[in-house]
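Each step along the sequence shown adds one to the number in the working numbering, with nothing skipped, and position 154 is 160.
Here a beta-carbon is modelled for each residue, glycine too, at the ideal position from N, C-alpha and C.
Everything on this sheet refers to the single structure shown next.
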Amino acid sequence: MQSPDGNDSNGVGISVCAINMAFERRGSRVDVLSDINLDIAPRKFCSILGPSGCGKSTLLMLVAGLYQPSSGRILVNGQTLKGCYSDCGIVFQTDVLLPWLSVLGNVLLPADVKKLPKAAATERARTLLEQVGLNGFETHYPNELSGGMRQRASLCRALLHEPAVMLMDEPFGALDALTRERMQSDLTKLGATDPRTVLFITHDIEEAVFLSDQVVVLSQRPASILRQFDVNFPHPRTSDIRRTQEFHHIVDEIRELFRETGIL
Ligand SMILES: Nc1ncnc2c1ncn2[C@@H]1O[C@H](COP(=O)(O)OP(=O)(O)O)[C@@H](O)[C@H]1O
Ligand SMILES: [Mg+2]
């Protein structure tokens, strides 16, 4: 079934085709991405793993249509992406909640822009807040929440308009280790009940393997793809998989790849 904007109800596939990206700044040129080719199947979770400064965020901005590539193109369900990609939700490392709005007000922010009916949007916002354990905090303000809670609210806001694609740029990077692990478990639960196509940026190997169906490892800048790994554990995943041999095997392989290429 096709929705009016051409999306397949079975999800949206993303293809990154022969992408090169350079920034020109004060007459000098910085090459950031070099010949990136990548397919993310509909409703699959893909992590991009790479060293700091290699171009991970740049790649996410390209998929969001917020940057234009120097060459190459992004395909969304086989169609070339032109301009900003509106059917995606974005979560950044630091929450971008407005301090003068309540949690519910923040989650409802996209409702106007996306022209969502108010009552249905409010109901969805409340359901999302409940799913991430923030029920009871609807009237709180961001400064009354912990970092983890603020990121949960940011996640709800990004999901409000039921985007086909989620773009997440180190969303748990600023959280302490325990909170991060909890957030990872919650995200895999959310993804199992309501799977979307996810592009997830991280520099944490275990996080990438725990969450993903596909892990793409980037080299240092200008980043090219060093290798891709398939991770076949079923969803939702529990922390038990972290103790399996298969989990350790993939983590060790990626770590070895980082060592061989001088990243670690
Ligand atoms: N808007 C921009 N203008 C100029 N240079 C940029 C811009 N965005 C990123 N860069 C440069 O591109 C490189 C990769 O940045 P980024 O994609 O943020 O890396 P990562 O997310 O992997 O840490 C860095 O050298 C950064 O300085
Ligand atoms: Mg970044």
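heavy atom of ligand 2 below 7 Å from residue i C-beta
i, result
"Asp210", "no"
"Asp101", "no"
"Glu259", "no"
"Ile54", "no"
"Asp175", "yes"
"Ile207", "yes"
Heavy atom of ligand 1 within 7 Å of residue i beta-carbon
i, result
"Val36", "yes"
"Arg32", "no"
"Thr64", "yes"
"Ser40", "no"
"Gly179", "no"
"Gly61", "yes"
"Arg132", "no"
"Phe264", "no"
"Arg227", "yes"
"Ser76", "no"
"Phe216", "no"
"Phe29", "yes"
Test item: CB-CB of residue i and residue j under 8 Å
i, j, result
"Leu181", "Ile54", "no"
"Ile256", "Val215", "yes"
"Ala70", "Cys52", "no"
"Asn43", "Val18", "no"
"Met172", "Ala159", "no"
"Ile25", "Val82", "no"
"Thr267", "Leu217", "no"
"Leu104", "Ala131", "no"
"Gly61", "Arg249", "no"
"Ser34", "His209", "no"
"Val113", "Leu87", "no"
"Glu176", "Ile211", "no"
"Met174", "Val97", "yes"
"Pro48", "Thr185", "no"
"Ala229", "Gly56", "yes"
"Ile247", "Phe239", "yes"
"Ser108", "Thr145", "yes"
"His167", "Gly197", "no"
"Ile80", "Gln220", "no"
"Asp6", "Val138", "Because the chain spans 7 through 270 in this model, residue 6 falls outside it and cannot be assessed."
"Leu66", "Pro75", "no"
Residues that DSSP places opposite residue i in a beta bridge
i, result
"Gln234", "Val222"
"Ser77", "Asn26"
"Thr203", "Val171"
"Ile54", "Ile207 and Val222"
"Leu161", "DSSP, once it has assigned bridges, lists no residue as partnering Leu161."
"Ala229", "Leu39"
"Asp45", "Ser21"
"Ser34", "Arg31"
Beta carbon proximity, residue i to chain D, threshold 8 Å
i, result
"Gly71", "No chain D is part of this structure, which consists of one protein chain only."
Distance cut-off 7 Å: residue i Cβ against heavy atoms of ligand 4
i, result
"Ser58", "As far as ligands go, the structure on display features ligand 1 and ligand 2 and does not contain ligand 4."
Can you give, in chain order, each stretch of the alpha helix (DSSP H) that sits fully within the segment 169-198 and has at least 4 residues? Whole alpha helix (DSSP H) segments, 4+ residues: zero.
Can you check the segment 76-106 for any beta strand (DSSP E) of at least 3 residues that lies completely inside it and give the ranges in chain order? Counting only runs that start and end inside the segment 76-106, the beta strand (DSSP E) elements of at least 3 residues fall at 77-82 and 94-97.
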